[in-house]
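Q: For the sequence shown, counting from 1, position 61 maps to 60 in numbering that gives the first Met the number 0; every step adds exactly one.
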Amino acid sequence: MLTPAPYQPPRNALRLRRLGIDTHQEAVVYMRKDCDVCRSEGLDSLAQVQISHNGRRLMATLHHVTSDI
Numbered sequence: 000m001l002t003p004a005p006y007q008p009p010r011n012a013l014r015l016r017r018l019g020i021d022t023h024q025e026a027v028v029y030m031r032k033d034c035d036v037c038r039s040e041g042l043d044s045l046a047q048v049q050i051s052h053n054g055r056r057l058m059a060t061l062h063h064v065t066s067d068i
């Protein structure tokens, strides 16, 4: 009998975390400007990015941060 392998997110998947920042119902993503995804995709601040989680998708505005959250 085969045992299913544990779930492993895709290599380009990022971890989502709620920060408790009031953005007036706007979906906002905060990412470090020097992260691998921002650099490889050429993402600038205020870019629109698609977020997928548990089969749901939404568009969010990207903001760059320089601190470790």
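All C-beta atoms in this analysis are idealised placements derived from N, C-alpha and C, irrespective of residue type, glycine included.
Everything numeric in this text was worked out from a predicted model, so none of it was measured.
Just to confirm, is the Cβ distance from A26 to A59 under 7 Å?
A: Contact flag set, yes.
Q: Express the C-alpha separation of E40 and R55 in angstroms, rounding to a whole number.
A: Taking the straight line from one Cα to the other gives about 22 Å.
Q: For R16, which of helix, strand or coil comes out of DSSP?
A: Of the three classes helix, strand and coil, the one that applies to R16 here is coil, per DSSP.
Q: Would you give the residue range spanned by the alpha helix (DSSP H) that S51 belongs to?
A: That residue, S51, is in no alpha helix (DSSP H); its beta strand (DSSP E) goes 47 to 52.
Q: Taking Cβ positions, are Y69 and H62 nearer each other than 7 Å?
A: No answer is possible for residue 69: the residues shown for the chain start at 0 and end at 68.
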